[in-house]
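> Line by line, the protein sequences are chains A and B.
Note that the numbering used here has the first sequence beginning at 1, numbered continuously upward.
Note that the numbering used here has the second sequence beginning at 1001, numbered continuously upward.
Yeah, the Cβ is synthetic: ideal placement off N, Cα and C, and Gly gets one too.
Structure provided below as structure tokens; questions to follow.
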Amino acid sequence: MTLTFEEVSYKRDQFRFTANGIFEEGVHLVSGLVGSGKSTLAFIASGLVPPGAGSVHRMGIRKSLLSMQFPEHHTTGITLNDEIRSWGLDPEAILASTRLFTRGEQDVNALSRGELKRLHLGCVLSADADLLILDEPFSALDCREKRVICRRITERGYGTVIICTHEQTWLPPVDCIWEMKEGTLVSCGRVPAAIPRWSLAPRHIRDLLKRGLVPGNISPESVMEVACRTRE
Amino acid sequence: MQDPRIRIFVIIVLSVAAFISIAGAALAFLYWICLPGRFQCIKKPAAVLFLSMIIVVSVITEVTTGNGLSYFIRMTVILLLALYAYTAYVPGEFFRVSVWLFGPRGFDPGLIAEMSMETLNDLEDDSSKIRIALRQKGVPLGFHTLVPVIGMFVLNQIRRAHDQADLLTVRGYRNGGTLCPRFHPEILDYVSGIVAICMLFIAILPVRDVFILLH
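Right under this line is the structure:
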């Protein structure tokens, strides 16, 4: 199961996007500053926006799903139950997993953005998709929810997951790290070898690297494990 | 056209020319053909919607009072000019033009115009995103989905308006303000303006009179 970007380029006004690379099965982090082209990558990877030039090949991918940054853009149901059913899922299971237990008949628009994001990600992560692209999945979530989402991404255990984010702390263990630099996709390689090459690495990871310590992965647990080891 | 004052002026003049007569519409269409990015503007989903509305009204006009074809041609050219104006718009232009035109009194109308344009952009963005959502879920846009979709549009706008009001309050806005607009017109901008004025005169004059003048 691979997603290949072959000499892909895309232009919108002054912004120019270029990508070359292969996304194999596993969890991929696409890190980048705001406006660097992460969302453009997400839209092109999902096949919803055709590239201006080059091609995107999907080998063994039956179904791909894009989770856009703002959950309200996915809302097509009136109540929570309607919304969950529109994803072809069982409302009871999703409401339980997102801790919105008794609110099934409530208006979707009555939810706060954080709650709506929780519901949306609950649906997306339960949907059957070989290629899952999450555009800023941690926005509007508190630390506890970010941790839950990281755990659910890890537990998924199949297909390709591409996480496009500028989140710096709450990240799940990943297989590969990529960077978007002024519209260009750059591969840092596989983790853990990719971590020292990750120029946009969070400060706590950079501090560890300065001390010659390379964490096994980028999740808080992995980083903590290395940081604590030095104290012994 | 770099100067927004001349661009807006040209759009207004050509729209009037197109509305007055078929000859004016034909000239305005010729002008539109020469504009950069003209075909980019007709790719917008709103173009199909507005064109459909023009077709419906034209058919009704033709059936009831006649002149439906003339109405269709003139309104289609006006639509093309409006779409071009929307595509060529750069944020902040209406604000600058309004203050240049009306002085300090133009500050508030300019601000309102900018907010309106931003709202149109947001609606366009929301509509493209919601189409993606429906496509991903495999749900057709029907009566059942129309209510939540429209609800989403309305609620998003209310939320944005609320945020914008908060922002203006935090910045101490009550009414009015200061802005020193600067423009950098090029020779081509002036030529474009003069050509548009000539087209308006030709549209106003009956075609027969033009040939008499030429003789």
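Would you call the region 195 to 207 of chain A and the region 216 to 223 of chain A touching, i.e. three or more CB-CB distances under 8 Å?
yes
> For residue 1205 of chain B and residue 1021 of chain B, what's the separation of their Cα atoms in angstroms?
The residue given as residue 1205 of chain B occupies position 205 in the second sequence. The residue given as residue 1021 of chain B occupies position 21 in the second sequence. Distance between the alpha carbons of residue 1205 of chain B and residue 1021 of chain B: 10 Å.
> Counting beta carbon pairs with one atom in the region 31 to 44 of chain A and one in the region 163 to 180 of chain A, are three or more of them shorter than 8 Å?
yes
> I'd like to know if residue 1145 of chain B contacts chain A, where contact means its C-beta is closer than 8 Å to some C-beta of that chain.
Residue numbering aside, residue 1145 of chain B sits at position 145 when the second sequence is read from its first letter. Residue 1145 of chain B counts as touching chain A.
> At a CB-CB cut-off below 7 Å, which residues of chain B make contact with residue 109 of chain A?
In the first sequence, residue 109 of chain A corresponds to position 109, counting from 1. 1151 and 1155, listed in chain order.
> In this structure, what does DSSP give as the bridge partners for residue 221 of chain A?
Here the question's residue 221 of chain A lines up with position 221 in the first sequence. DSSP lists no partner for residue 221 of chain A.
> Can you tell me where the alpha helix (DSSP H) holding residue 1124 of chain B begins and where it ends?
As a first step, residue 1124 of chain B is located in the second sequence; it is residue number 124 there, counting from the start. Looking at the DSSP string, the run of the alpha helix (DSSP H) that includes residue 1124 of chain B is 1107 to 1137.
> Nearest CA to the CA of residue 128 of chain A: which residue from A:10, A:88 and A:150?
The count along the first sequence starts at 1 and reaches residue 128 of chain A at position 128. Minimum Cα-Cα distance from residue 128 of chain A among the listed residues A:10, A:88 and A:150 corresponds to A:88.
> With burial defined as no fewer than 16 other Cβ atoms inside 10 Å of the residue's Cβ, what is the status of residue 120 of chain A: buried or exposed?
Position 120 of the first sequence, counted from the first residue, corresponds to residue 120 of chain A. It counts as buried.
> Can you tell me which residues form a DSSP beta bridge with residue 66 of chain A?
Here residue 66 of chain A refers to the residue found at position 66 when the first sequence is read from its first residue. Paired residues: A:133.
> Is residue 39 of chain A closer than 8 Å to residue 69 of chain A when the C-beta atoms are compared?
Counting from one through the first sequence, the residue named residue 69 of chain A turns up at place 69. Counting from one through the first sequence, the residue named residue 39 of chain A turns up at place 39. Yes, they are a contact pair.
> Looking only at its chain, what residues have a beta carbon closer than 6 Å to the beta carbon of residue 133 of chain A, apart from the 5 residues adjacent to it on each side?
Here the question's residue 133 of chain A lines up with position 133 in the first sequence. Closer than 6 Å at Cβ, skipping near neighbours: 42, 45, 46, 66 and 162.
> Please work out which residues of its chain come closer than 6 Å, Cβ to Cβ, to residue 74 of chain A, disregarding the five sequence neighbours upstream and downstream, and give them in chain order.
Counted from its first residue, the first sequence places residue 74 of chain A at position 74. Cβ within range, chain order: 120.
> Please report the Cβ distance between residue 1084 of chain B and residue 1035 of chain B, rounded to the nearest whole angstrom; I am assuming they are in contact, meaning their Cβ atoms lie under 8 Å.
Here residue 1084 of chain B refers to the residue found at position 84 of the second sequence. Here residue 1035 of chain B refers to the residue found at position 35 of the second sequence. Contact holds; Cβ gap of about 6 Å.
> Skipping 5 residues on each side, what residues in its chain have a beta carbon closer than 7 Å to that of residue 1005 of chain B?
By one-based count along the second sequence, residue 1005 of chain B stands at place 5. Hits under 7 Å: 1097, 1100 and 1183.
> Is residue 125 of chain A closer than 8 Å to residue 144 of chain A when the C-beta atoms are compared?
Looking up residue 144 of chain A in the first sequence gives position 144. Looking up residue 125 of chain A in the first sequence gives position 125. It is not a contact, given that the beta carbons lie outside the stated cut-off.
> Check whether the Cβ of residue 952 of chain B lies closer than 8 Å to any Cβ atom in chain A.
Missing from the structure shown is residue 952 of chain B; chain B here goes from 1001 to 1215 and no further.
> Leaving out the 5 sequence neighbours to the left and right, which residues in its chain are closer than 7 Å to residue 1163 of chain B when beta-carbon positions are compared?
Within the second sequence, the letter at position 163 stands for residue 1163 of chain B. Excluding sequence neighbours, residue 1163 of chain B sits near nothing in its chain.
> Which ranges would you report for the alpha helix (DSSP H) in the region 1134 to 1204 of chain B if only whole runs of at least 4 residues count?
1143 to 1170 and 1187 to 1204
> For residue 1043 of chain B, does the three-state DSSP call read helix, strand or coil?
The count along the second sequence starts at 1 and reaches residue 1043 of chain B at position 43. The answer is coil: DSSP assigns residue 1043 of chain B none of H, G, I, E or B.
> Can you confirm whether the region 1076 to 1093 of chain B touches the region 1006 to 1017 of chain B when touching is taken to mean that 3 or more C-beta pairs between the two stretches lie within less than 8 Å?
Segment contact: the region 1006 to 1017 of chain B against the region 1076 to 1093 of chain B, three or more CB-CB distances shorter than 8 Å; contact assigned.
> For residue 77 of chain A, decide whether its Cβ has a neighbour in chain B, counting only Cβ atoms nearer than 8 Å.
By one-based count along the first sequence, residue 77 of chain A stands at place 77. Contact of residue 77 of chain A with chain B is assigned, a C-beta pair being separated by under 8 Å.
> Round the Cβ separation of residue 1031 of chain B and residue 1196 of chain B to the nearest angstrom and send it over; I've been treating them as touching at under 8 Å.
Reading the second sequence from its first residue, position 31 is the one you call residue 1031 of chain B. Reading the second sequence from its first residue, position 196 is the one you call residue 1196 of chain B. Contact flag correct, Cβ pair sits at about 7 Å.
> Please work out which residues of its chain come closer than 8 Å, Cβ to Cβ, to residue 85 of chain A, disregarding the five sequence neighbours upstream and downstream, and give them in chain order.
Indexing the first sequence from 1 puts residue 85 of chain A at position 85. Excluding positions up to five away in sequence, the list reads 77 and 91.
> Against residue 86 of chain A, what residues of chain B qualify as contacts under a CB-to-CB distance less than 7 Å, listed in chain order?
For the purposes of this step, residue 86 of chain A is taken as the residue at position 86 of the first sequence. In chain order: 1137 and 1139.
> Using beta carbons (cut-off 8 Å, strictly below), is residue 65 of chain A in contact with chain B?
Reading the first sequence from its first residue, position 65 is the one you call residue 65 of chain A. For residue 65 of chain A, the answer is yes, since a Cβ of chain B falls inside 8 Å of its Cβ.
> Check the Cβ of residue 1134 of chain B against every Cβ in chain A and list those closer than 8 Å, keeping chain order.
Position 134 of the second sequence, counted from the first residue, corresponds to residue 1134 of chain B. Those are 76, listed as they occur along chain A.
> Is there a Cβ of chain A sitting closer than 8 Å to that of residue 1130 of chain B, yes or no?
Taking the first residue of the second sequence as 1, we reach residue 1130 of chain B at position 130. It does; some Cβ of chain A falls within 8 Å.
> Taking CB distances under 8 Å as the criterion, tell me whether residue 1126 of chain B reaches chain A.
Residue mapping note: residue 1126 of chain B aligns to position 126 of the second sequence, counting from 1. So, interface residue.
> Check whether chain B comes within 8 Å of residue 166 of chain A, counting only Cβ atoms and requiring the distance to be less than that.
Here residue 166 of chain A corresponds to residue number 166 of the first sequence, with the count starting at 1. No, because no Cβ of chain B sits closer than 8 Å to the Cβ of residue 166 of chain A.
> Is residue 1112 of chain B buried or exposed, if buried means 16 or more other CB atoms sit within 10 Å of its CB?
In the second sequence, the residue the question calls residue 1112 of chain B occupies position 112. Residue 1112 of chain B comes out exposed.
> Give the straight-line distance between the Cα atoms of residue 98 of chain A and residue 209 of chain A, rounded to the nearest whole angstrom.
Against the first sequence, residue 98 of chain A aligns to sequence position 98. Against the first sequence, residue 209 of chain A aligns to sequence position 209. One Cα belongs to residue 98 of chain A, the other to residue 209 of chain A, and the distance between them is close to 36 Å.
> Would you say residue 136 of chain A faces chain B, with C-beta separation under 8 Å as the test?
The residue given as residue 136 of chain A occupies position 136 in the first sequence. Output row for residue 136 of chain A: interface = no.
> Of the choices B:1135, B:1117, B:1185 and B:1149, whose alpha-carbon is the least far from that of residue 1090 of chain B?
By one-based count along the second sequence, residue 1090 of chain B stands at place 90. Of B:1135, B:1117, B:1185 and B:1149, the residue nearest in Cα terms is B:1117.
> Does residue 321 of chain A come out as helix, strand or coil in the three-state DSSP assignment?
What is shown of chain A runs 1 to 232, which leaves residue 321 of chain A out entirely.
> Answer with yes or no whether the minimum CB distance from residue 72 of chain A to chain B is below 8 Å.
Numbered from 1 along the first sequence, position 72 holds the residue referred to as residue 72 of chain A. Yes - at least one Cβ of chain B is within 8 Å of the one on residue 72 of chain A.
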